[in-house]
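Here is the structure we will look at, set down as structure tokens.
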Amino acid sequence: ETGVTQTPRHLVMGMTNKKSLKCEQHLGHNAMYWYKQSAKKPLELMFVYNFKEQTENNSVPSRFSPECPNSSHLFLHLHTLQPEDSALYLCASSQANGANYGYTFGSGTRLTVV
Amino acid sequence: GESVGLHLPTLSVQEGDNSIINCAYSNSASDYFIWYKQESGKGPQFIIDIRSNMDKRQGQRVTVLLNKTVKHLSLQIAATQPGDSAVYFCAENTGGFKTIFGAGTRLFVKA
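What follows is the structure, encoded as structure tokens:
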């Protein structure tokens, strides 16, 4: 375990479903991130939260909705997704911003949209 | 624009040999670089980092070299082991919360 826990590990959902991904860290980090990892593509930053405040939204479609109730928890709410949204969704945290510290990643949620 | 790219998508080495994974970056303003290792079924794991005021940094069996003149980053793994088989990503940060990752190089270690 890295200290960043993601649930569920696998998720299959229909295009009309609503589901949520959960991320939890107990490392004392104040920044949390959602990344999307598709086959043969670099990791794509989706959202950044610093001390519960969203600091980055990397032009993500509104069918992805993040929520950060506190510095230890991060959610990604999903609704009316498309098959091309199938990917590995990775959560990460860092002590401060990425200019000084590397990230600690969770193992990801493998999402399949059918 | 900003980009981080890897020269080789796959690298195959014999167990015990040294491995060198290369990365090019295009943003001269980047001042912090990180290498990550991703094993199957896991998220990326931090290996080693280097700041732009350095050109070399060593860890346990790993060395990162930074050449700012040609905007090139490399990861050297000494005495490569089967457990080193993974995808390796370089990443760059220009300050703030936006870290850009490269496409990744898959390392195969032959026994």
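In the order they appear, the protein sequences are chains A and B.
Reading the first sequence from the start, the letters are residues 662 to 775 in this note's numbering.
Reading the second sequence from the start, the letters are residues 330 to 440 in this note's numbering.
Backbone N, C-alpha and C fix where the C-beta goes; we use that ideal spot for every residue, glycine too.
- Going by DSSP, M676 of chain A is part of no beta strand (DSSP E) at all; its letter is neither H nor E.
- With fewer than three CB-CB distances shorter than 8 Å, the stretch 381-388 of chain B does not count as touching the stretch 711-730 of chain A.
- When DSSP states are grouped into helix, strand and coil, E368 of chain B belongs to the coil group.
- When the alpha-carbon of S768 of chain A is set against those of B:G372, B:S414, B:R390, B:S348, the nearest one is in B:G372.
- When secondary structure is reduced to three states using DSSP, D346 of chain B falls in the coil class, being assigned neither helix nor strand.
- Separation of S733 of chain A and Q343 of chain B (C-alpha to C-alpha, rounded to the nearest whole angstrom) is 42 Å.
- Around Y750 of chain A, the same chain offers L682, W695, K697, L737, G769, T770, L772 as residues with beta carbons nearer than 7 Å, after the five sequence neighbours per side are excluded.
- With fewer than 16 neighbouring CB atoms inside 10 Å of its own CB, F712 of chain A falls in the exposed class.
- For C729 of chain A, same chain residues with a beta-carbon under 6 Å away, outside a window of 5 residues either side, are Y710, K713, L735 in chain order.
- Within the model, the alpha-carbon separation for T741 of chain A versus N678 of chain A is close to 6 Å.
- Excluding sequence positions up to five before and after F430 of chain B, its CB lies within less than 6 Å of the CB of F418, A420, all in the same chain and listed in chain order.
- S359 of chain B sits away from T409 of chain B, with the two beta carbons spaced by 8 Å or more.
- If you draw a 10 Å sphere on the C-beta of P669 of chain A, you find fewer than 16 other C-beta atoms in it, and that means exposed.
- One thing to note: G763 of chain A has its Cβ within 8 Å of the Cβ of F375 of chain B.
- Your pair N758 of chain A and F426 of chain B checks out as a contact, with CB atoms roughly 5 Å apart and the cut at 8 Å.
- For M693 of chain A, the enclosing beta strand (DSSP E) has its first and last residue at 692-698.
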